[in-house]
Amino acid sequence: MSTIFAFALGCGTKNRDDNWLEVFYPDPYLNPDPKLIEVVREEVGYQGGNAALELTHRQVQHLAREWREAGFEHEASYAVAFQESERPVVLTILETDAEPASTPEAYLKLHLLSHRLVKPHGVVLSGIFPLLPNVAWTNEGAVDLEELPERQLLARLNGKLLEVNSVDKFPKMTDYVVPTGVRIADTARVRLGAYVGEGTTIMHEGFINFNAGTEGPGMIEGRISAGVFVGKGSDIGGGASTMGTLSGGGNIVISLGEGCLLGANAGTGIPLGDRCTIEAGLYITSGTKVEVLDENGDVVDTVKARDLAGKSDLLFRRNSESGAVQCRTNKSAIALNEELHKHN
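Taking my numbering, the leading residue of the sequence shown gets 787, the next gets one more, and so forth.
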């Protein structure tokens, strides 16, 4: 039996042209039991490779029975629930972590991230954007943009309002996954595909993009851009920002180590090691000229910020007299609020 990378049974939404708009997977699997997949091979004719198989109610019923007989009671219970689905049901199997080739495959990888089964950069997401249609996310679910005017009219004629919450490729994470042990003040600001570690608090202005997130615990009051991962015990202050691969960072992977602090309205375009601080209002990019100070506060060198990338125990600040950006060893690193993190 060959090893399968990921597997999930889900239901979703299609438009009138029979194209997938979105898929919900309540319980995706990473490296599933080969015996589970063997049942799939026999019941639905899976021939290997990466595939998204739309199932009939009868096929779902057969899977439920065969999984139960094979001892997979948990999986069988989901299959039983999907037997009554009014939405199309799809069984998505990723034999390898290859570039996704369909909307159900793309959604499965986003679910793997938000279910904390893989961390950011832990799956191949190249080519994902053409597979995620731009749709209207409404109080009645995903609606194809070309079908939206008619749906809005029908709602009005029936005395209802079709509320359009956003028009985007990505839905909000909490409509699909609510991770344990987190607080999210404004759920619209966390996209599906975000990894939100236990103990993370995301305040109203905090934002986490897809393929990005936090190890937790941490307080997020600023922006975590696509591709950025924030280590344990690190905080991002109000209005602070991280430069992601989609916001000018190129192919450089931006990350924050453990125990870091981005002050209010600060930001970084370089990866930081552990216990680093960037003072409020200071934005560091890779080309920023930085004066390096010794323990006496004397300038010993001037480098570009990229030369300090990934190093630990650094304090970045701006000299209030000269305006120069300076860096010194952060021996008196700001002690993060342990009590706050304890109750995240």
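Even glycine gets a Cβ: it sits at the ideal position worked out from N, Cα and C. Everything numeric in this text was worked out from a predicted model, so none of it was measured.
query, result
"Where does S1033 sit, in a helix, a strand or coil, going by DSSP?", "Residue confidence is low: S1033 scores 47 on pLDDT, short of 50, so the model does not pin down where it sits. Its coordinate-derived value is still stated next. Three-state result, S1033: coil."
"Where do the ends of the beta strand (DSSP E) carrying Q733 lie?", "Coverage of the chain is limited to positions 787 through 1130, which leaves residue 733 absent and any answer about it impossible."
"Could you tell me whether the Cβ atoms of A1091 and G1055 are closer together than 9 Å?", "yes"
"Which whole-angstrom value is the C-beta distance of F793 and I879, which I expect to be below 8 Å?", "5 Å"
"Using a Cβ-based criterion (distance less than 8 Å to any ligand heavy atom), does Y811 qualify as near the ligand MN?", "For the structure depicted, the ligand MN is absent and the ligand set is empty, with no information on it obtainable."
"Would you mind giving the Cβ-Cβ distance between W853 and A865, rounded to the nearest angstrom? I have them listed as a contact below 8 Å.", "6 Å"
"Please classify G1059 as buried or exposed, where buried requires at least 16 other C-beta atoms within 10 Å of its C-beta.", "buried"
"What's the gap between the Cα of G1035 and the Cα of N995?", "Note that G1035 scores 46 on pLDDT, short of 50, meaning its location in the model is unreliable; the coordinates nonetheless yield the value given after this. Between G1035 and N995, the C-alpha separation is close to 14 Å."
"By Cβ distance, which residues of its chain are closer than 6 Å to A1110, with the 5 residues on each side in sequence left out?", "E1077"
"Between the stretch 922-935 and the stretch 841-859, are three or more C-beta pairs nearer than 8 Å?", "no"
"Might you give, ordered along the chain, the residues of its own chain that have their beta carbon closer than 6 Å to the beta carbon of D883, omitting 5 neighbours on each side?", "F791, V909, V910"
"Going by DSSP in three states, V1089 sits in which element: helix, strand or coil?", "strand"
"Are the beta-carbon atoms of Y981 and L899 separated by less than 9 Å?", "yes"
"Let me know the secondary structure DSSP gives F915 once reduced to three states.", "helix"
"Cutting at 7 Å between CB atoms, please list the residues of its own chain near L877, excluding the five before and the five after it.", "L795, V826, V830, L839, L841"
"Reducing DSSP to helix, strand and coil, say where A1066 ends up.", "coil"
"So L1048 and R1103 are supposed to be a Cβ contact under 8 Å. How far apart are they, rounded?", "Contact flag wrong, Cβ pair sits at about 13 Å."
"G1023 and A1052 look like a contact to me (Cβ under 8 Å); what is the Cβ gap, rounded to whole Å?", "7 Å"
"What residues in its chain sit with their C-beta under 7 Å from that of E891, if we drop five residues either side in the sequence?", "N836, A838, T878, L880"
"Tell me the residue span of the alpha helix (DSSP H) that contains T889.", "889-900"
"Let me confirm a value: A971 is counted as buried when at least 16 other C-beta atoms fall within 10 Å, else exposed. Which label applies?", "exposed"
"Going by CA-CA distance only, name the one from F915, S871, V904 that's closest to P886.", "F915"
"Counting Cβ pairs closer than 8 Å, one from the stretch 1039-1047 and one from the stretch 1000-1020, do we hit at least three?", "yes"
"Counting only runs that start and end within the stretch 820-865, where is the alpha helix (DSSP H) found for 4 or more residues in a row?", "820-830, 843-855"
"Assuming G1004 and D1021 form a contact by the criterion Cβ under 8 Å, report the distance between their Cβ atoms to the nearest whole angstrom.", "6 Å"
"Give every residue of the same chain whose Cβ lies closer than 7 Å to the Cβ of P874, excluding the five residues on either side of it in the sequence, and list them in chain order.", "C797, G798, K800, E840"
"Mind checking who C797 pairs with in its DSSP beta bridge?", "F810, V875"
"What does the alpha-carbon distance come out to for the pair N944 and R937?", "11 Å"
"Can you tell me the Cα-Cα spacing of S1098 and C1062, whole angstroms?", "6 Å"
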